[in-house]
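Heads up: the structure comes next, in C-alpha cells.
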Amino acid sequence: MRKPFVAGNWKMNKTIAEARELVEKMSAEIKDVATVEKVFCPPFTALATVRDALKNAECGVGAQNMHWEEKGAFTGEVAPNMVKELCEYVILGHSERRAYFGETDATVNKKLHAAQKHALVPIVCVGETLDEYESDRTQEIVSSQTRLGLAGVSADYAAKIVVAYEPVWAIGTGKASTGAAANAVIKDFIRSTIADLYGAETAQAVRVLYGGSVTASNAKEFFTQPDIDGALVGGASLKLDEFVSIIKAF
Ligand code: PGA
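As C-alpha cells, then:
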C-alpha cells in the first residue's frame with residue numbers, strides 16, 4: 012500500500028519570520044494526521060526554521076531545487092550535501108524551473124542521480140504545456156520526461172521516488188485538471204513508462220502525485236483516484252485552512 016503524500020511547494024514566498032508563523036499554526040492542526048506523509052518545501056532561506064518548527068508534527072521538509080555537482084564554482088547554487096544537511100526531500104524539474112531557468116530532462120536526470128547518491132527523496136515533476144496539451148502531445152511529453160528524467164537510476168531507488176504530474180496549464184491558473192483525466196495520464200503514461208523501465212512492481216510502488224490548482228474543494232476528487240497518491244500544492248499550501256483541509260481530505 013502506498014502511503015498518501017501531500018507536499019506544499021511554497022515557491023518564492025515567505026520570509027523566515029512569515030514561514031515560522033505559518034508552520035507553527037499548521038503544526039498544531041496536522042500533527043495528529045499520521046496516515047498522510049506531509050512535506051513542506053519553503054525557500055532555502057526558511058528550511059531550517061520550518062524544519063525546527065515542525066519537529067513535533069511528524070512532517071518532512073524539502074528543498075525546491077539543487078545543483079548536481081558536489082561543490083565548486085557555481086555561484087548561487089546549492090549542492091546536494093548542503094540540502095541533505097537541512098532536509099530529506101527535494102523537488103526536481105518543476106515546470107517553472109524548466110520554463111525560466113533552463114532546466115531540461117538532462118539536468119533533471121543529473122540531479123536525480125545526485126539525489127540518489129545522497130539518499131534524498133526527489134519529487135520529480137513532469138507535465139505538458141498548454142500548447143502541447145492542445146496539440147495532443149501529452150503522452151509524448153509526459154512519457155519522455157519520465158523516461159529521460161529517470162534514465163540510469165537503480166530500480167531500488169526508483170521505487171522510492173515521488174513523481175508529480177503537473178500539467179503546466181493547470182499550475183497557478185485556478186484551472187485544475189479533473190480527477191479522471193489526471194488519473195489516466197498517471198496510469199497510462201507515467202506508471203506504464205516506469206513499468207517499461209523497471210517492471211510492474213516498481214511502477215506500483217512509486218508514489219505519483221497530481222499538482223496544479225489543487226484546493227480544499229477539489230482535493231477529494233483527486234485523492235479518490237486509484238493511481239493518484241496525493242498532491243503537490245502551490246498556492247493553497249500558503250493558506251492555513253486550505254492546506255490543513257487538503258491534508259485532511261484523505
Ligand atoms: P498551484 O501550483 O497549486 O499553485 O497550481 C502547483 C505547483 O506549482 O507545484
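Residues in the sequence shown are numbered consecutively from 12, following our numbering.
Every residue, glycine too, gets a C-beta built ideally from N, C-alpha and C.
Secondary structure of residue 76 (DSSP, three-state): coil. The Cβ atoms of residue 126 and residue 73 lie no closer than 8 angstroms to each other. Under the 10 Å beta carbon count, residue 252 is surrounded by fewer than 16 other beta carbons and is classified as exposed.
Where residue 159 is concerned, the enclosing alpha helix (DSSP H) starts and stops at 149 to 161. In chain order, 56, 57 and 60 place their CB closer than 8 angstroms to the CB of residue 27, counting only its own chain and leaving out the 5 sequence neighbours on each side. Within its own chain, the residues whose Cβ lies closer than 6 angstroms to the Cβ of residue 221, once the five positions on either side in sequence are excluded, are 176, 193, 233, 239 and 242, listed in chain order.
Scanning the stretch 149 to 230 from its first residue to its last, the whole alpha helix (DSSP H) runs of 4-plus residues come out as 149 to 161, 166 to 169, 190 to 196, 203 to 209 and 211 to 216. Scanning 38, 110, 47 and 35 for the CA closest to the CA of residue 12 turns up 47.
Not one heavy atom of ligand 1 falls within 7 angstroms of the beta-carbon of residue 72.
For residue 103, the uninterrupted beta strand (DSSP E) run begins and ends at 100 to 103, by DSSP. For residue 154, the CB contacts under 7 angstroms within the same chain, skipping 5 residues up- and downstream, are 200 and 204 in chain order. When DSSP states are grouped into helix, strand and coil, residue 239 belongs to the coil group. In this structure the stretch 135 to 147 does not touch the stretch 77 to 95; the number of beta carbon pairs closer than 8 angstroms is below three. Under the DSSP definition of a beta bridge, residue 91 lacks any partner.
When distances are taken from the beta-carbon of residue 192 to the heavy atoms of ligand 1, even the shortest one reaches 7 angstroms or more.
Boundaries cannot be given for residue 14, as no beta strand (DSSP E) includes it and DSSP labels it neither H nor E.
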